[in-house]
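In what follows, a single structure is set out as structure tokens and then discussed.
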Amino acid sequence: MANWVLKGLLSGIKSSDYPRAGDDAPGVSPGRPVGTRLNSTTAAEQLVARCPTAAIARADGGVAVDHGRCVHCFRCRRDVAEPAEWQQGFEWGAYAGEPALRKLAKIFGRSLHVRFVDAGACGACMSEARQINNPYYNMHRLGIFTTPTPRNADVLLVAGPVSDAMRLPLRKTYEALPTPKRVVAIGACAASGGIFGPSFAAAAGAAGIIPVDVVVPGCPPPPLAILHGLLLAVERKPPSALMSPPPQRTTEPA
Amino acid sequence: MAVLERIADNTAGSASFAELCRSLWADKAVATEDKAARLCRLECGVNTLPDVCQWLTRDLDFIFATLIVEQTARPGWSLTYVFYKDAASPWVHVAVQLDAGVSALPSLVGLAHGPSFDWHERETEDLFGLKFEGHPRLGEFVLHEDWPEGVNPMRRDFDARARFVPRARDPRWEPPTVVVDPGAFTMPVGPVFSDFAESAHFLLETVGEDVIRTIPRFFYKYRGVEKIAEGQPADRALLLAERFSGIAAFAHGLAFCQAVEAICGVAPPPRARALRTALAELERLRSHAAAITGICNSTALAVATSQAALIEESLLRLSCEATGHRYLFGAVVPGGIACDPAEPNCRHLVAAVEEIAEGLRNLLRMLRYSSSFLDRLEGVGVVADGYARSYGLVGPIARACGVARDIRKLFPYAAYSAVDFSVPVEQEGDGYARLRVLFREAEQSVAIIHDVLSSLPQGPVRLDQIRPRAGAALAAVEAPLGAAFHWLRLDQDGKVARYRVTPPSFTNWHGFHIAAENFAFQDFPIILASFGLSNAECDR
């Protein structure tokens, strides 16, 4: 056993600097398309036609991106006349609606217990959620823990479009959480149904079944984005937005 | 019997296989063969079906792969039972036609290798409403108890967008039990359990400390992928193929693209085939690292879990650097590969995976000398070789109990025929054997990535334009968890008319209950982790 202790010590500290500082290690996030100014309307129409989930829409001077619908298929980036702008980073968590009135930072700010529910996720979101516990991201250093029972949880982390058989377990788990509570929906499926819902077998995301407070879009959102969503739920980080319009034209010199 | 032995001796060449079928089943079945596709098709009547399947599986040692059910243009049904065996034998498709009025056919679960047909028949009964006479357990399989009776979503006339009204649950409903010992009770686990477990339900029948039987229940995550794919253009359905199981996205996306390419009669350029091989192995390496993390975690060996998790995260980052996506989404397209890594990137990838291989070797060396770890794995969750065959198990689980079957060797795709690699096999069939298979396969994956990327052919990575064509094809790949079979039918507009996926988790979850019998309660997470299966992949 002493060997293991030595091995662990020799590995050194691997944890990310986030949230104290940024993290731009290669491969930490796939990035995502954002609203882009385009030179021609045909280029904009091509991007809109290319997008399989209608996440890209025409907007003033270019295209806007609805992050909740984007499934990271890269079709607006590869083999197009004018590709959509791609933005690195991972602070993707956004409020689903009006932010809850009651401030939670004081109650949960330093110790947050999370119950995860898989409502039909493909496995990639689940895998990324599992990674927040690995030494690189190490949620424990931020006072975030998972709990096997919803009765001890403060936050419900839900992934997947909500398949029919999971509607009832999801609602029951939500009801079992003591108030005050927050729901963080991760992934395009939980945000909008993604490519699966709505259909005969799945709903159009978690918001149709339980009240959702924070959405972390992405397909899947990388571990740091999920951490950002959890920190946002307790107001330790500012929110991002779900819609990304094309940037405003800078005022031209007279 | 003499006839059978003669045939068993003579299955070596696919050329003779159809003739042997004709000589034995002359008056009962029509055999045709397609040498280019290494395929022999046997058309027979419903009454002959059990005999033909018994002959294939019991006498010739063929393995059942998948059942493809299609609603034919002329009202009625076409059922194709797909079998495979080894590198010398062809695919065998046993096809039966049912007229519109007939909705019952004989169940094959009573055959020598009957269990391999079991779940396919249950699934077909639920989704298509076809009855299998003689099957002991039909109903409430994919569709749970609140789904309305008599509504079969895979039938043509069912609208994939339609919402159904949940049926009231019967308050008298009780979970099934098998054990009748005094003091026996049932411990339900799931569908929401553990820290980050996938949704599934297990009824553990126990008399206290020991669990006697496990009755699993799946399809909590059924998203109707096969149904919602219908009517979609192939490039849209590719998103479903990649994303129904995100942790094996590349393997399933590749199988889908191979089916499209087979239908359209095109072959991707050599550079694309080589890159597909490298990326498929990168995914296998990551998936196996994740499974090793899971096994270490289930035994509460904290440092080993962290070490394996570091390797897993490095592989995720490496995948992102190579293709732009941590789970390789969007990398494979019909006709090739969407991204073309430059020479320095390939060298970086090779160097990085070799470092990871060294890390895995160190980890295994330390695990081998941790007796508390080995005690939890050795002799736990045993699958006997006989079960692996009769259940048609695939992938690392089958290879951990002596069944050396691997689609990469049997029906080489991408560039696998050009690379030299071995298929590791262990005999014990327990948790430790499965762990060793994972480590040895990871080692092979690193060697394949090294070989392929150090001699990468030059040229384009994808075909310019693929003209869609009507037709159907079966594609098979060795996904990280085992053999995956994708059957695709496109109509003349290039839209999906039928998409049938049999993922390895579907095949292997069926065998889970064999390993989860007569064990100590605290071993349950370990058996679960050593199987390392995905519910998203099984449920679709």
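Respectively, the protein sequence lines represent chains P and L. At position 251 of the first sequence (counting the first as 1) the number is 241 in the working numbering, and the numbers step up by one without a gap. At position 528 of the second sequence (counting the first as 1) the number is 529 in the working numbering, and the numbers step up by one without a gap. All residues carry an ideal CB built from backbone N, CA and C; glycine is no exception.
Quick check: is the beta carbon of residue i nearer than 8 Å to any beta carbon in chain L?
i, result
"residue 107 of chain P", "yes"
"residue 244 of chain P", "With a pLDDT of 48 at residue 244 of chain P, under the threshold of 50, the modelled position of that residue is not reliable, and the figure given next carries that caveat. Not an interface residue."
"residue 202 of chain P", "no"
"residue 172 of chain P", "no"
"residue 62 of chain P", "yes"
"residue 80 of chain P", "no"
"residue 153 of chain P", "yes"
"residue 182 of chain P", "no"
"residue 163 of chain P", "yes"
"residue 77 of chain P", "no"
"residue 16 of chain P", "yes"
"residue 248 of chain P", "With chain P covering -9 to 244 only, the question about residue 248 of chain P has no answer from this structure."
"residue 196 of chain P", "no"
"residue 238 of chain P", "no"
"residue 112 of chain P", "yes"
Since residue i and residue j are thought to touch, with beta carbons under 8 Å apart, how far apart are those beta carbons, to the nearest angstrom?
i, j, result
"residue 42 of chain P", "residue 237 of chain L", "5 Å"
"residue 484 of chain L", "residue 395 of chain L", "4 Å"
"residue 253 of chain L", "residue 480 of chain L", "7 Å"
"residue 412 of chain L", "residue 477 of chain L", "6 Å"
"residue 66 of chain P", "residue 16 of chain P", "Actually they are not in contact, since the Cβ atoms of residue 66 of chain P and residue 16 of chain P sit about 22 Å apart, beyond 8 Å."
"residue 462 of chain L", "residue 176 of chain L", "Rounded, the Cβ-Cβ distance is 52 Å, inconsistent with contact."
Counting only C-beta atoms, is residue i closer than 8 Å to chain P at any point?
i, result
"residue 20 of chain L", "no"
"residue 414 of chain L", "no"
"residue 8 of chain L", "Reliability fails at residue 8 of chain L, whose pLDDT of 45 lies under 50, so the model's placement of it is uncertain and the value that follows must be treated cautiously. No, no contact with chain P."
"residue 222 of chain L", "yes"
"residue 367 of chain L", "yes"
"residue 195 of chain L", "yes"
"residue 535 of chain L", "yes"
"residue 585 of chain L", "Shown here, chain L extends from 2 to 541; a query on residue 585 of chain L therefore has no answer."
"residue 4 of chain L", "Caution is warranted here: a pLDDT of 44 is assigned to residue 4 of chain L, below 50, making its placement in the model unreliable, and the coordinate value is therefore given only provisionally. Residue 4 of chain L does not count as touching chain P."
"residue 450 of chain L", "no"
"residue 11 of chain L", "Because the pLDDT at residue 11 of chain L is just 45, under 50, the model does not fix this residue reliably, and the point stays unresolved."
"residue 573 of chain L", "Since the first residue shown for chain L is 2 and the last is 541, residue 573 of chain L is missing from the structure and cannot be characterised."
"residue 130 of chain L", "no"
"residue 330 of chain L", "yes"
Who are residue i's beta bridge partners in DSSP?
i, result
"residue 65 of chain L", "L/84"
"residue 15 of chain P", "Partner(s): none; residue 15 of chain P has no beta bridge."
"residue 263 of chain P", "Residue 263 of chain P lies beyond the stretch modelled for chain P, which goes from -9 to 244, so this question has no answer here."
"residue 211 of chain L", "L/521"
"residue 192 of chain P", "P/153"
"residue 78 of chain L", "L/72, L/99"
"residue 26 of chain P", "P/53"
"residue 103 of chain P", "P/135"
"residue 116 of chain P", "Answer is none; residue 116 of chain P lacks a bridge partner."
"residue 41 of chain L", "L/34, L/93"
"residue 165 of chain L", "In the DSSP output, where bridge partners are listed per residue, residue 165 of chain L has none listed."
"residue 108 of chain P", "P/149"
"residue 234 of chain P", "P/55"
"residue 134 of chain L", "L/107"
Just to confirm, does residue i get its C-beta within under 7 Å of one of the non-hydrogen atoms of the ligand ATP?
i, result
"residue 64 of chain L", "For the ligand ATP, the structure offers nothing, since it holds no ligand at all."
List the residues of chain C whose Cβ lies closer than 8 Å to the Cβ of residue i, in chain order.
i, result
"residue 8 of chain P", "No chain C is part of this structure, whose protein chains are labelled P and L."
Practice item. Evaluate contact between the stretch 64 to 83 of chain L and the stretch 92 to 100 of chain L, counting only Cβ atoms and requiring at least three cross-stretch pairs below 8 Å. Key: yes
Point to revise | Complete runs of the alpha helix (DSSP H) confined to the stretch 269 to 309 of chain L [at least 4 residues] | key: 271 to 299
Practice item. Counting only runs of 3+ residues fully inside the stretch 468 to 525 of chain L, write out the beta strand (DSSP E) ranges in chain order. Key: 472 to 480, 483 to 491, 497 to 503
Point to revise | Stretch pair the stretch 239 to 248 of chain L + the stretch 453 to 472 of chain L: three plus CB contacts closer than 8 Å | key: no
Check your understanding: Any chance the stretch 261 to 269 of chain L sits against the stretch 512 to 525 of chain L, with 3 or more Cβ pairs inside 8 Å?
Key -> no
**Study point:** Stretch-stretch touch, CB-based, cutoff 8 Å, three pairs: the stretch 135 to 144 of chain P with the stretch 157 to 171 of chain P
**Key:** yes
Exercise for review: Answer yes if the stretch 166 to 179 of chain L comes into contact with the stretch 117 to 130 of chain P, meaning at least three C-beta pairs across the two stretches below 8 Å, and no otherwise.
Suggested key: no
**Study point:** Every unbroken alpha helix (DSSP H) inside the stretch 118 to 181 of chain P [4 residues or more]
**Key:** 154 to 166
Point to revise | Start-end ranges of the beta strand (DSSP E) lying completely within the stretch 43 to 90 of chain P, minimum 3 residues | key: 46 to 49, 52 to 56, 75 to 77
Check your understanding: With a cut-off of 8 Å, do at least 3 Cβ pairs link the stretch 332 to 339 of chain L to the stretch 442 to 456 of chain L?
Key -> no
Review point. Where are the alpha helix (DSSP H) runs, 4 residues long or more, that stay fully inside the stretch 86 to 124 of chain L, in chain order?
Key: none
Practice item. Just list the alpha helix (DSSP H) runs in the stretch 392 to 477 of chain L, keeping only unbroken ones of 4 residues or longer that don't cross its boundaries, in chain order. Key: 396 to 400, 408 to 411, 432 to 455
Exercise for review: May I have a chain-ordered list of the alpha helix (DSSP H) segments no shorter than 4 residues that lie completely inside the stretch 335 to 393 of chain L?
Suggested key: 344 to 369, 372 to 378, 386 to 391
Point to revise | Start-end ranges of the beta strand (DSSP E) lying completely within the stretch 167 to 218 of chain L, minimum 3 residues | key: 186 to 190, 202 to 207, 211 to 218
**Study point:** Any 3 or more C-beta pairs closer than 8 Å across the stretch 385 to 399 of chain L and the stretch 356 to 368 of chain L
**Key:** no
Check your understanding: Just checking, does the stretch 181 to 192 of chain P make contact with the stretch 148 to 155 of chain P on the three C-beta pairs under 8 Å criterion?
Key -> yes
Check your understanding: Taking one C-beta from the stretch 43 to 53 of chain L and one from the stretch 99 to 112 of chain L each time, how about it: are there three or more such pairs within less than 8 Å?
Key -> yes
Check your understanding: Within the chosen definition, does the stretch 20 to 36 of chain L reach the stretch 203 to 220 of chain P through at least 3 CB pairs nearer than 8 Å?
Key -> no
Review point. Should the stretch 484 to 495 of chain L be regarded as contacting the stretch 294 to 308 of chain L, the criterion being three or more beta carbon pairs within less than 8 Å?
Key: no
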